[in-house]
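In our numbering, the protein residues as written are 549 to 658.
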């Protein structure tokens, strides 16, 4: 059996941080949440390392500075995203739904 102290010590190694370089796909959109918060969402396309193909990733910019930067991004521009991966949940017509997003803490053109 694993002791509580080992679990607590292991949590010190937990880290949710991602660095992405990719091209913006489409135009950013502004959404107002039911809470009144505003988020700017956009997608980037990144090449799969060592394989053919690409991944399209959803990015969410919540802070004022990242929202302002996100709104200036244009389709096809290269961007660096620093952030964390989050899973969003909501109640949809078919029941509970979810999706993964990268919550951007920093954005910059590259």
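For glycine and all other residues, C-beta sits at the position ideal for the given N, C-alpha and C.
Alpha-carbon spacing of residue 593 relative to residue 652, whole angstroms: 15 Å
Counted within 10 angstroms of its Cβ, other Cβ atoms place residue 617 as buried (16 or more) or exposed: buried
Residues bridged to residue 606 (per DSSP): 591
Run of the alpha helix (DSSP H) containing residue 613, from where it starts to where it stops: 612-620
Beta-carbon proximity of residue 572 to residue 622, cut-off 8 Å: yes
Boundaries of the beta strand (DSSP E) in which residue 576 is found, first to last residue: 566-580
Simplified DSSP state of residue 642, which is helix, strand or coil: coil
Beta-carbon proximity list for residue 619, same chain, < 7 Å, skipping 5 on both sides: 576, 588
Same chain, Cβ closer than 8 Å to residue 639, five either side skipped, listed in chain order: 645
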